[in-house]
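Student: Can you keep this structure in mind? I'll have questions shortly.
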Amino acid sequence: MADDTQRDRGAEASAKTSSLMKKQLIMNDRDKPVSLSDVQVFIDQQKKANTKRATNRDVKNIQRWLAVNKFELRPLFLVEPELLDEYLSQLYISIRKADGGEYEPGSLDQLRASLERHLLDNKYQTSLRDRIFHNSNEAPKRRRILAIDSSPSSGESQERL
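Using the working numbering, you'd call the opening residue of the sequence shown number -4 and step up by one each time.
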């Protein structure tokens, strides 16, 4: 009888071990390795459609402005940081809506955020927040201060995006 009890305990222990091993196998199956391309696909799928659309629109508008005003045809992520800083500082000062009106400060912030996303996605060598972009970071701030201090004059001719 002692042998039967020992066998029952052994069978129970074996069943528990077997159950634990099955759980581990299931967990291991869930923890399968993922390739870098799988990670990139996942990230792209999770980005909001409106954000993608806004980023593409803003980058296209910046590229158009650069082509018309600076004869710059290279993709933004191929422009050297010093030159991109110069271009962007000029863009932020001169940019107007299609009707000639001023952009709201939040709209310029959105434009800059779109550009930062685009450059990051294309592995640009530095962030727009870095020191090298001092002028292009200061220009929107100064423009915002100017807009608060005075009303925009309608007689000036301004470049349009």
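Glycine included, each C-beta is placed from N, C-alpha and C at the ideal position.
All of these numbers come straight from a predicted model, not from anything done at the bench.
Using DSSP with H/G/I as helix, E/B as strand and the rest coil, what is Ile90?
Tutor: Three-state DSSP puts Ile90 in coil, outside helix and strand.
Student: Straight-line CA distance for Tyr87 to Lys118?
Tutor: Each residue's Cα considered, the two are about 23 Å apart.
Student: In this structure, how does DSSP classify Gly95 when only helix, strand and coil are distinguished?
Tutor: Looking at Gly95 - three-state DSSP - the assignment turns out to be coil, as it is neither helix nor strand.
Student: Name the residue from Ser30, Arg52 and Lys27 whose alpha carbon lies nearest to the alpha carbon of Ser102.
Tutor: Minimum Cα distance to Ser102 is reached at Arg52.
Student: Measure the C-alpha to C-alpha separation of Ser84 and Arg91 and round it to an integer number of angstroms.
Tutor: Each residue's Cα considered, the two are about 14 Å apart.
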